[in-house]
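S.K.:
Residue numbers (my numbering): 1 to 791.
#1: Using the DSSP secondary-structure output, state which residues sit across from residue 533 in a beta bridge.
#2: How long is the line joining the alpha carbons of residue 112 and residue 80, rounded to whole angstroms?
#3: Taking the CB atoms as reference points, tell me whether residue 274 and residue 281 lie closer together than 9 Å.
#4: Can you check whether the CB of residue 306 is closer than 9 Å to the CB of residue 323?
#5: Given a cut-off of 9 Å, decide if residue 371 and residue 329 are closer than it, judged by their beta-carbon atoms.
#6: By DSSP's criteria, residue 289 is part of a beta bridge. Which residues make up the other side?
#7: With a threshold of 8 Å, are at least 3 pairs of Cβ atoms found where one atom belongs to the stretch 286 to 301 and the other to the stretch 266 to 273?
#8: Give every residue of the same chain whose Cβ lies closer than 6 Å to the Cβ of residue 602, excluding the five residues on either side of it in the sequence, and list them in chain order.
#9: Cutting at 6 Å between CB atoms, please list the residues of its own chain near residue 402, excluding the five before and the five after it.
#10: Does DSSP put residue 562 in a helix, a strand or coil?
#11: Along the chain, where does the alpha helix (DSSP H) that runs through residue 141 open and close?
#12: Whole-angstrom Cβ separation of residue 93 and residue 105, contact assumed at under 8 Å?
#13: Report the three-state DSSP secondary structure of residue 154 (helix, strand or coil).
#14: Is residue 449 buried or exposed, if buried means 16 or more other CB atoms sit within 10 Å of its CB?
#15: Along the chain, where does the alpha helix (DSSP H) that runs through residue 229 open and close?
#16: Whole angstroms are fine: how far does the CA of residue 771 sit from the CA of residue 649?
#17: Can you look up residue 72 in the DSSP assignment and give me helix, strand or coil?
#18: Take every Cβ of the stretch 716 to 733, pair it with every Cβ of the stretch 751 to 771, and state whether three or more of those distances are shorter than 8 Å.
#19: When the distance is taken between beta carbons, is residue 186 closer than 9 Å to residue 153?
#20: If we call anything under 9 Å between Cβ atoms a contact, is residue 202 one with residue 234?
#21: Taking residue 537 as the reference, which of 730, 572, 489, 561 has the closest Cα?
#22: To the nearest angstrom, report how far apart residue 611 and residue 258 are at their CA atoms.
#23: Per DSSP, which one or two residues make a beta bridge with residue 181?
#24: Does the Cβ of residue 791 have 16 or more other Cβ atoms within 10 Å, making it buried, or fewer, making it exposed?
#25: Just the C-alpha distance for residue 54 and residue 47, rounded to the nearest angstrom, thanks.
#26: Whole angstroms are fine: how far does the CA of residue 207 sit from the CA of residue 7?
#27: Since I believe residue 169 is in contact with residue 295 (beta carbons under 8 Å), could you give me their beta-carbon distance rounded to a whole number of angstroms?
#28: In chain order, what residues of the same chain lie with their CB nearer than 7 Å to the CB of residue 519, ignoring the 5 residues before and after it?
#29: Using a Cβ distance threshold of 8 Å, determine whether the stretch 735 to 742 contacts the stretch 756 to 766, with at least three qualifying pairs required.
#30: Select from 395, 205, 354 the residue whose C-alpha is nearest the C-alpha of residue 182.
#31: Just tell me which of 465, 437, 447 has its CA closest to the CA of residue 485.
#32: At what residues does the beta strand (DSSP E) containing residue 664 begin and finish?
#33: So if DSSP puts residue 368 in a beta bridge, which residue, or which two residues, is it bridged to?
#34: Answer yes or no: do residue 549 and residue 228 have a C-beta to C-beta separation smaller than 9 Å?
#35: Quick test of the definition: if touching needs 3 or more C-beta pairs under 8 Å, does the stretch 588 to 608 touch the stretch 543 to 558?
#36: How would you call residue 584, buried or exposed, if buried means at least 16 neighbouring beta carbons within 10 angstroms?
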C-alpha cells in the first residue's frame with residue numbers, strides 16, 4: 001500500500017500544478033421553448049471532455065440569454081428548467097470550444113430531452129439521475145478511454161459490490177458476482193436487450209461476457225439490487241446495460257492500433273454520422289483483439305466484434321431505433337487446476353502453488369469457438385402529449401463449439417477427439433404504453449412474447465456415442481411500472497410487477513444414444529415478482545435517503561433440465577439434467593444514503609444490502625434417476641439457498657480542476673444453508689472475499705495529457721478444486737489480488753484542431769503482484785501501447 005500512497009501523492013502534486021489552467025473559451029447563446037419564446041431562469045451546463053468530473057454552469061436572464069466561460073476543446077452543452085414540478089430539457093449538443101473565440105449556440109427545451117443527464121436501468125424507462133430511488137452507477141465512454149479498457153469486464157472492476165474474475169487471461173471464462181451472489185444472478189443487457197445464452201449451464205451470459213468489447217460504447221448503466229420485476233430471469237442481484245454510442249451532428253470517427261506483452265494486439269475504429277437537424281444518426285464500431293502467447297506462452301485467443309446503432313425521427317410523433325452487436329471468438333483452453341498429494345478431507349487448505357495444488361496446465365488439443373449476434377428494432381409513437389406507444393423485436397443467436405482431444409493432463413477422451421456443439425436462439429416481441437398520468441405520476445405497462453430454442457449435439461471419439469437434443473420454450477409476460485413523486489419531487493416512489501408463464505415443448509432426441517428416456521416433462525411454474533423503491537431528497541443539505549426491496553427469480557435453464565456431458569469412463573454422453581426442476585427464487589432489500597458536499601466536488605455514498613436465496617438449483621454428486629434415465633455421475637437438483645449481506649461505501653472527489661478520485665470499499669458476508677462441497681462443514685460461499693477495495697485516480701494536465709491509476713485489492717477467498725487422483729473435491733484458501741494499472745495518454749491536435757492524434761500506453765499489474773483466480777494463473781507486469789486518430 002506504500003506504493004499506492006506514493007502514486008496518490010504524485011497525482012495530487014501534479015494537480016496542484018495544473019490547477020491554474022483557466023476557462024478561457026467563451027460560450028453564449030439563448031434558451032427557448034418549443035414555440036420559440038425565450039426562457040428565463042434556465043440552467044445551462046457544459047461538460048468538457050478535458051474535465052468531465054466538473055460541470056460548468058450558467059443561467060439565462062429575462063431575455064433567455066446566457067454567457068460564461070468553459071475550457072477549450074470538445075464538450076457537450078445542454079439546458080434544463082424545472083417549473084411547476086415538471087422539468088424540461090434540451091437535447092445535448094456536441095461542441096468544439098476554441099480558446100479566446102466566442103461559441104454561439106441556441107437550445108430548445110422539450111419534455112423529452114436531456115438524455116445525457118438521465119438513466120434507464122432503474123425502472124426500464126428514462127429518468128433524471130437525481131430522481132432515481134435505487135442504487136445505480138454509470139461509466140461513461142470517457143472513462144473507458146482514460147483507463148484504456150478493452151472489454152466490459154475490465155470496465156466493471158471499480159464498481160462497489162462487484163466481484164470480477166477472469167480465469168487465465170484474455171478470452172477465457174469471465175464472471176461477475178454481485179453482492180456476494182453467483183455468476184448467474186447478474187443480468188447483462190446490450191442497448192436494453194437481454195444477452196444470455198440459452199444453451200449455457202445456467203442460461204445466463206457467462207460464455208460471452210469476456211467477448212463483449214468496449215468499442216463504440218457510449219456508457220454503461222449498472223443497477224445493484226433486485227431487477228427481476230423489470231428484466232426477468234437472471235436479474236436477482238443486479239443488471240448491467242452497455243449502450244452503443246449515439247451519433248452527434250456531422251461526421252465523426254476514429255481508428256486506433258495497439259500492441260504489447262503476451263503477444264497482445266488490438267485494432268479498432270468507429271464512425272458516426274448525424275444530420276444537422278438531429279433527426280437521424282447512425283454509429284458503427286469494429287474491433288479485433290488477440291493474444292498469440294497469453295499467460296503461459298501458449299494461450300492464444302482472439303475476438304472480432306462489430307456493433308452499430310441507428311436513431312431516427314421521421315416525423316414529430318414517430319421515433320425509430322435499432323442496434324446490432326456481433327461477436328466471434330476463439331480460445332485455446334487449459335486444463336483445470338488440480339490437487340497435489342493427499343490432502344486432509346473436509347479441511348480448508350492454504351493454497352501454495354506446486355506444493356499442495358498445481359495451477360492450470362496447457363492442454364494442446366482443447367479449443368472453444370463461440371459467436372453471437374444480437375439485434376433489435378423499436379418504434380415509438382407519440383399518441384398525445386401524455387402517451388407514448390412502443391413496439392419492437394429483439395433477436396439473439398448463439399453458437400459454441402468445444403473440441404477436446406486425448407492429449408493433456410487429467411481426464412481426456414479415450415480413442416479420439418470429442419466435440420460438443422451448442423446452438424441457441426431467443427426471439428422476443430414486445431409492446432408497451434408509457435402514460436404520464438399527471439405531472440407527478442407515470443404508468444408503464446407492457447407485454448412480451450418470447451421463444452427460446454436449445455440444441456445440443458455430441459460427437460464422440462466413435463460415432464456410436466453421438467447424440468442430439470433439441471427443445472423449445474415459450475414465455476408470455478405482463479409487466480407494469482408505476483412512478484410517483486411528491487413534495488416538489490423530493491419524494492420519489494417506483495413500484496413494479498411482473499408475471500411470466502412458460503410453455504415447454506416436447507423434447508426431441510436422436511433415435512440412438514438418446515440421453516433421456518422414460519420421463520414426463522412439464523411446464524415450469526409461473527413467476528411473479530414485485531419491486532418497490534422509495535427515496536427522499538433534502539435540498540438544504542444535498543442528502544438523499546433511499547430504500548429498495550424486491551423478489552427475484554431464475555427459470556431453470558434448458559441445459560439444467562436436458563444437459564449432458566461426455567464421460568471418459570463410459571465413452572458416452574451421460575444425462576445430468578432434471579426436466580422437473582423448480583425455479584430459483586429470492587428476496588432482497590437495500591438501504592442507503594447519498595451525500596453531496598463542497599458544491600458538488602465531493603459525493604459520499606453508503607448502502608446496506610441483504611439478499612436471501614430461498615430456492616436454488618445445485619449440482620449433487622448423487623442424484624436420483626429421471627424416469628428410467630440413470631444419472632450415475634450426479635446431476636442438477638433443487639437445493640436450499642443462502643444469504644448474502646454487507647455494506648458498500650464509495651467516495652468521489654474532485655479536489656482540484658483536472659483531478660478526480662473515486663474509491664470504494666465493500667464488505668460481504670455470504671453464507672450457504674448447506675455446504676457447497678459434499679463432506680465438508682464449510683458454509684461460507686465459495687469464491688467470495690469478505691473485503692474489497694478499489695481506487696481510481698484521473699489527472700488531466702493542460703488538457704492534452706491524461707494519467708489514470710486504477711487499483712483493486714481483495715481479501716482471501718475459498719475455492720473448490722477437484723482432485724483427479726482421489727476423485728474428491730478439496731477446498732483451498734487463496735490470497736486476494738493487489739492489482740494496479742497505470743495509463744497515460746497525450747492528445748496532439750492536427751488539421752486546425754479538427755482532428756487529433758492520441759498516443760497512449762498502459763502498464764498492467766504495475767506492482768507485479770502474483771495471484772491466482774480460482775487456481776488459474778494470471779499475468780504479471782505487462783505493458784501495451786498504441787496510437788489513434790479521432791476526427
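Don't be surprised by glycine CBs; every beta carbon is placed ideally from N, CA and C.
M.R.: This is what the structure gives:
#1: For this step, residue 533 is matched to residue 533 along the chain shown. The partner list for residue 533 (beta bridge, DSSP) reads 494, 548.
#2: Position 112 of the chain shown, counted from the start, is the residue given in the question as residue 112. Position 80 of the chain shown, counted from the start, is the residue given in the question as residue 80. With a pLDDT of only 42 at residue 112, under 50, the local geometry of the prediction cannot be trusted, and the value read off the model is given with reservation. Rounded to the nearest angstrom, the two C-alpha atoms are 11 Å apart.
#3: For the purposes of this step, residue 274 is taken as residue 274 along the chain shown, with counting starting at 1. For the purposes of this step, residue 281 is taken as residue 281 along the chain shown, with counting starting at 1. Yes, they are a contact pair.
#4: Along the chain shown, one-based indexing puts residue 323 at 323. Along the chain shown, one-based indexing puts residue 306 at 306. No, Cβ-Cβ distance for residue 323 and residue 306 is not below 9 Å.
#5: The residue given as residue 329 occupies position 329 in the chain shown. The residue given as residue 371 occupies position 371 in the chain shown. Cβ distance < 9 Å, so residue 329 and residue 371 count as in contact.
#6: Within the chain shown, residue 289 is the residue found at index 289, counting from 1. Its beta-bridge partners are 266, 303.
#7: yes
#8: As a first step, residue 602 is located in the chain shown; it is residue number 602 there, counting from the start. Excluding positions up to five away in sequence, the list reads 653.
#9: For the purposes of this step, residue 402 is taken as residue 402 along the chain shown, with counting starting at 1. Excluding positions up to five away in sequence, the list reads 368, 420.
#10: As a working note, residue 562 is residue 562 in the chain shown. Residue state, collapsed to three classes: helix.
#11: The residue you call residue 141 lines up with position 141 of the chain shown. The continuous alpha helix (DSSP H) containing residue 141 extends over residues 141 to 147.
#12: As a first step, residue 93 is located in the chain shown; it is residue number 93 there, counting from the start. As a first step, residue 105 is located in the chain shown; it is residue number 105 there, counting from the start. Rounded, the Cβ-Cβ distance is 7 Å, consistent with contact.
#13: In the chain shown, counting from the first residue as 1, residue 154 sits at position 154. Helix at residue 154.
#14: To locate residue 449, count along the chain shown from 1; it is residue 449. Residue 449 sits exposed, since fewer than 16 C-beta atoms from the chains shown fall within 10 Å of its C-beta.
#15: As a first step, residue 229 must be located in the chain shown, where it is residue number 229. Segment 228 to 231, the alpha helix (DSSP H) holding residue 229.
#16: Walking along the chain shown from the start, residue 649 turns up at place 649. Walking along the chain shown from the start, residue 771 turns up at place 771. Distance between the alpha carbons of residue 649 and residue 771 is about 25 Å.
#17: Within the chain shown, the letter at position 72 stands for residue 72. Note: residue 72 maps to coil in three-state DSSP.
#18: no
#19: Translated into the one-based positions of the chain shown, residue 153 becomes position 153. Translated into the one-based positions of the chain shown, residue 186 becomes position 186. It is not a contact, given that the beta carbons lie outside the stated cut-off.
#20: Reading the chain shown from its first residue, position 202 is the one you call residue 202. Reading the chain shown from its first residue, position 234 is the one you call residue 234. Result yes, Cβ atoms of residue 202 and residue 234 sit closer than 9 Å.
#21: Indexing the chain shown from 1 puts residue 537 at position 537. Taking only the C-alpha atoms, the option nearest residue 537 is 489.
#22: Counting from one through the chain shown, the residue named residue 611 turns up at place 611. Counting from one through the chain shown, the residue named residue 258 turns up at place 258. About 42 Å.
#23: Stepping through the chain shown from its first residue, residue 181 is reached at position 181. The partner list for residue 181 (beta bridge, DSSP) is empty, contrary to what the question assumes.
#24: In the chain shown, counting from the first residue as 1, residue 791 sits at position 791. Looking at its Cβ environment, which holds fewer than 16 other Cβ atoms inside 10 Å, residue 791 is exposed.
#25: Position 54 of the chain shown, counted from the first residue, corresponds to residue 54. Position 47 of the chain shown, counted from the first residue, corresponds to residue 47. Going by the C-alpha atoms only, they are around 7 Å apart.
#26: Position 7 of the chain shown holds residue 7. Position 207 of the chain shown holds residue 207. Confidence is the limiting factor: at residue 7 the pLDDT is only 49, short of 50, which leaves the residue's position unreliable and the question unanswerable from this model.
#27: Within the chain shown, the letter at position 295 stands for residue 295. Within the chain shown, the letter at position 169 stands for residue 169. Right, the Cβ-Cβ distance comes to about 4 Å (below 8 Å), so this counts as a contact.
#28: Reading the chain shown from its first residue, position 519 is the one you call residue 519. Excluding sequence neighbours, residue 519 sits near 579, 626, 627, 629.
#29: yes
#30: On the chain shown, position 182 is the one that residue 182 refers to. For the residues 395, 205, 354, the minimum Cα distance to residue 182 belongs to 205.
#31: The residue labelled residue 485 in the question sits at position 485 within the chain shown. Out of 465, 437, 447, 437 has the C-alpha closest to the C-alpha of residue 485.
#32: Taking the chain shown and counting its residues from 1, the one referred to as residue 664 is at position 664. Residue 664 -> beta strand (DSSP E) spans 659 to 672.
#33: Within the chain shown, numbered from 1, the residue matching residue 368 stands at position 368. Residue 368 pairs with 331, 402.
#34: For the purposes of this step, residue 549 is taken as the residue at position 549 of the chain shown. For the purposes of this step, residue 228 is taken as the residue at position 228 of the chain shown. No. Outside cutoff.
#35: Yes, the stretch 588 to 608 is in contact with the stretch 543 to 558.
#36: Taking the chain shown and counting its residues from 1, the one referred to as residue 584 is at position 584. Counting Cβ neighbours within 10 Å, residue 584 comes out buried, since at least 16 surround it.
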